Amino acid sequence: MPRLNPPKSKRLSFSLFLLVGFLPLTASTASAWERDWQPQRTWVFIVATLKWQHSEMFESFPQQNRRDAQLEDFFRRQGVPPEQMVYLQDEQATTRRVRSEFSEMLSRTKEGDFLFVYFTGHGYKSDDESKTFFATYN
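For the sequence shown, this note's numbering gives the first residue as 1006, with consecutive numbering after it.
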């Protein structure tokens, strides 16, 4: 079980952007169809924690110009169905909800679908530094 209050030396700040076979997000005007990408077979899971329940453990990040909101908007405009998108922001991004929503999404995907996962926030290491954890809101 990870320590609730990681020492400052073991805290991390990062954004994780996992893509498998996805073309880079650009300001290009090319539509999804011109890029041979199928929004109808795309699943988007965004967890964006810029503030935490235990603010003494993790410093907050600026709320202006959130990249997570821009990503969500990009996928929505490209035609990814709303029921195939999960966007958990700050207080919504509890450990229980992240696990539950991700498991639910995975149970609905099919072979050949594209899964996009984005996490931004803090992380921390186990006491022995052998494991790294994402820091959810709580």
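All C-beta atoms in this analysis are idealised placements derived from N, C-alpha and C, irrespective of residue type, glycine included.
Since the structure is predicted, the reported quantities are computational estimates derived from the model, not experimental observations.
A Cβ-Cβ contact shorter than 7 Å links methionine 1110 with valine 1091. Shown here, threonine 1047 sits in a strand according to DSSP, grouped into three states.
Within the segment 1043–1105, complete alpha helix (DSSP H) segments of at least 4 residues are found at 1072–1082, given in chain order.
Beta-bridge partners of leucine 1120 (DSSP): Trp1048. Minimum Cα-Cα distance from glutamine 1045 among the listed residues Ala1140, Gly1117 and Trp1057 corresponds to Gly1117. Note that the segment 1049–1059 touches the segment 1097–1104; at least 3 beta-carbon pairs, one per stretch, sit closer than 8 Å. Of the other Cβ atoms in all chains shown, 16 or more fall within 10 Å of the Cβ of glutamate 1077; this residue is therefore buried.
For the pair alanine 1074 and threonine 1141, the CB atoms are not nearer than the 7 Å cut-off.
A check of alpha carbon separations from leucine 1120 across Asp1132, Phe1107 and Ser1131 identifies Phe1107 as the nearest.
If you draw a straight line from the Cα of serine 1131 to the Cα of methionine 1062, it is about 15 Å long. Counting other Cβ atoms within 10 Å of its Cβ, phenylalanine 1124 reaches 16 or more and is therefore classed as buried. For the set Glu1088, Thr1137, Gln1043 and Leu1055, the Cα lying nearest the Cα of glutamine 1069 is the one of Leu1055. Annotation: aspartate 1095 to tryptophan 1057 spans about 7 Å, alpha carbon to alpha carbon. The C-beta of phenylalanine 1080 has 16 or more other C-beta atoms within 10 Å across all chains shown, which makes the residue buried. Cβ atoms of glycine 1128 and phenylalanine 1138 come within 8 Å of each other, at about 6 Å.
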